[in-house]
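Residues 1 to 371, numbered by the UniProt record's numbering, are exactly what the sequence shown covers, in order. Even for Gly, the Cβ is constructed at its ideal location relative to N, Cα and C.
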Amino acid sequence: MDTLLEESNLAFIGTEEDRKTKQAAAELEVNWEGVGQSPGIEIFRVENSRTEEGNPKFGINPWPPALYGKFYSGDSYIILQTTQDPNSDALLYDIYFWIGQESSQDEYGVAAYKSVELDDLLGDAPVQHREVQHYESEHFLQALGGTITYLNGGIDGGFRTIENDSNEVGLPPRLYLIRKTGRNTRATHVPLSCDSLNQSDTFLLDTEKVIYTWFGEYASPFEKNKAAELAHNLEISRSGHATVEEDVGDNETFFEFLGGKGDIKEKGCENNHDLPSTEDTKMYILFEEDSFIKVKTVDATQSNLESDNVCIIDTGYKVFVWVGKGSSMREQSQAMRMVQKIVSAMGRTSTNIVRVLEGQESRVAGFSEAF
Numbered sequence: 001m002d003t004l005l006e007e008s009n010l011a012f013i014g015t016e017e018d019r020k021t022k023q024a025a026a027e028l029e030v031n032w033e034g035v036g037q038s039p040g041i042e043i044f045r046v047e048n049s050r051t052e053e054g055n056p057k058f059g060i061n062p063w064p065p066a067l068y069g070k071f072y073s074g075d076s077y078i079i080l081q082t083t084q085d086p087n088s089d090a091l092l093y094d095i096y097f098w099i100g101q102e103s104s105q106d107e108y109g110v111a112a113y114k115s116v117e118l119d120d121l122l123g124d125a126p127v128q129h130r131e132v133q134h135y136e137s138e139h140f141l142q143a144l145g146g147t148i149t150y151l152n153g154g155i156d157g158g159f160r161t162i163e164n165d166s167n168e169v170g171l172p173p174r175l176y177l178i179r180k181t182g183r184n185t186r187a188t189h190v191p192l193s194c195d196s197l198n199q200s201d202t203f204l205l206d207t208e209k210v211i212y213t214w215f216g217e218y219a220s221p222f223e224k225n226k227a228a229e230l231a232h233n234l235e236i237s238r239s240g241h242a243t244v245e246e247d248v249g250d251n252e253t254f255f256e257f258l259g260g261k262g263d264i265k266e267k268g269c270e271n272n273h274d275l276p277s278t279e280d281t282k283m284y285i286l287f288e289e290d291s292f293i294k295v296k297t298v299d300a301t302q303s304n305l306e307s308d309n310v311c312i313i314d315t316g317y318k319v320f321v322w323v324g325k326g327s328s329m330r331e332q333s334q335a336m337r338m339v340q341k342i343v344s345a346m347g348r349t350s351t352n353i354v355r356v357l358e359g360q361e362s363r364v365a366g367f368s369e370a371f
């Protein structure tokens, strides 16, 4: 990692003028109006469009609550989690920017930039997290209720409003492979075909009005339970406009949605989204010298977490950016940006990155175990 840490010229970035400029920009973003005022989850999708001249134009728009926990693989999202501090009247913030595996570099860049903008608006108080599809942190998945659903493509491929009394936002018929990992469940969108089924897994077919669960002969009882639970939650969310048919077996209507019944495989594909291998923890300190940010390697000990430092703690599978209260604004503003470039250059695109503010260490899972 240290061979890729280069000096960064910071003539303007991180100055008081820069901070005021970012604060003003954040206040002009209409979609940030009223965010973080009460406990809960708020989600925004990065959207790209074209100007009249044909130039790309990126922005954000609120993600409908009916689709919370459902993300397109071709998109990037910003998730704000607001919680009540149990020891005071203050609100605590976590900002996640989630990167779909097929999201463009431009969308990723906008998600990162807008996350910083939201952080500025909330007074630099939030803990920031970079989350990558298939490698989400436990903390993020629990913020979504323990279940995440991956949709193929981008929103333009199938987003629509259902014509019914509930006027809810929905999707065309979708088939999901349900797999449980630890305390969390992943529902992965798979092709609407009998070829997607196998006898070792559980599946859920969502047609909006009817939700079907189909269980392979050798499917895990735990995954059967999670599929049934997910179907039940979908039914409740539609306020009487949907019903559930469980373990449908050879149900003709179910297979009509899949284009007809054919031979069903014994086994499915193994999950190849394992976490990156761990390695010895490495620690670096960022410091400013002659308008440049420089980095030095230090021992990975908590004694280096001094208030005037910004530290990078690399555990191999997660990178923490620890920001001391007395560190310079330039060091603070460059740390996340620098780490994102570093892990990208190293090919570690799945690595989670978490910014930890001094005094908030207890809120960040895995931080104390890094030493």
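For T351, which of helix, strand or coil comes out of DSSP?
-> Translated into the one-based positions of the sequence shown, residue 351 becomes position 351. Of the three classes helix, strand and coil, the one that applies to T351 here is coil, per DSSP.
Spatial neighbours of E217 within its chain, please: CB distance less than 6 Å, with the 5 preceding and 5 following residues excluded, ordered by chain position.
-> Locating residue 217 in the sequence shown gives position 217, counting from the first residue. Counting only Cβ-Cβ distances below 6 Å, and skipping sequence neighbours, we find Q199.
Hey, how far is the Cα of T320 from the Cα of V356?
-> Numbered from its first residue, the sequence shown carries residue 320 at position 320. Numbered from its first residue, the sequence shown carries residue 356 at position 356. As written in the sequence, residue 320 is Phe, which differs from the Thr given in the question. C-alpha separation (whole angstroms): 7 Å.
Got a sec? Which residues, its chain only, sit under 6 Å from L179 by beta carbon, not counting five neighbours each side?
-> Along the sequence shown, one-based indexing puts residue 179 at 179. The amino acid occupying residue 179 in the given sequence is Arg; Leu does not appear at that position. For R179, same chain residues with a beta-carbon under 6 Å away, outside a window of 5 residues either side, are R186 in chain order.
Hey, quick one: how far does the alpha helix (DSSP H) through L205 stretch, first residue to last?
-> Within the sequence shown, residue 205 is the residue found at index 205, counting from 1. Secondary structure note for L205: it is in no alpha helix (DSSP H), and the uninterrupted beta strand (DSSP E) holding it is T202 to D206.
Please classify S362: does DSSP put it in a helix, a strand, or coil?
-> What you label residue 362 is simply residue 362 of the sequence shown in a count that begins at 1. Here S362 sits in helix by DSSP.
Expressed to the nearest angstrom, what Euclidean distance is found between the alpha-carbon atoms of Y317 and L141?
-> Within the sequence shown, the letter at position 317 stands for residue 317. Within the sequence shown, the letter at position 141 stands for residue 141. So the two alpha carbons sit approximately 17 Å from each other.
Check the DSSP bridge columns for R45 and list the partner residues they point to.
-> One-based indexing of the sequence shown puts residue 45 at position 45. Looking at the DSSP assignment, R45 forms a beta bridge with N61 and Y77.
How many angstroms separate the CA atom of A11 from the CA atom of Y113?
-> Looking up residue 11 in the sequence shown gives position 11. Looking up residue 113 in the sequence shown gives position 113. In this prediction, A11 has a pLDDT of 42, which is less than 50 and means its spatial position is unreliable; nothing more can be read from the coordinates.
6 Å Cβ shell around I353 - same chain, five flanking residues per side excluded | Taking the sequence shown and counting its residues from 1, one reaches residue 353 at position 353. Excluding sequence neighbours, I353 sits near R130, V319 and V339.
Taking L151 as the reference, which of G69, V343 and I41 has the closest Cα?
-> Translated into the one-based positions of the sequence shown, residue 151 becomes position 151. Nearest C-alpha to L151: G69.
By Cβ distance, which residues of its chain are closer than 7 Å to N31, with the 5 residues on each side in sequence left out?
-> The sequence position of residue 31 within the sequence shown is 31, counting from 1. Here N31 has F44, I60, N61 and P62 as same chain residues with Cβ atoms under 7 Å from its own Cβ, once five neighbours each way along the sequence are excluded.
Tell me, which residues are paired with Y176 by DSSP?
-> Position 176 of the sequence shown, counted from the first residue, corresponds to residue 176. DSSP lists H189 and L204 as partners of Y176.
Compute the Euclidean distance between the alpha carbons of L258 and S73, then round it to the nearest angstrom.
-> Against the sequence shown, residue 258 aligns to sequence position 258. Against the sequence shown, residue 73 aligns to sequence position 73. Straight-line Cα distance between these residues: approximately 22 Å.
Mark K224 as exposed unless 16 or more other C-beta atoms lie within 10 angstroms of its C-beta, in which case mark it buried.
-> One-based indexing of the sequence shown puts residue 224 at position 224. Buried is the call here.
Would residue 373 be called buried (16 or more neighbouring beta carbons within 10 Å of its own) or exposed?
-> Not covered by the structure: residue 373. The range shown for the chain is 1 to 371.
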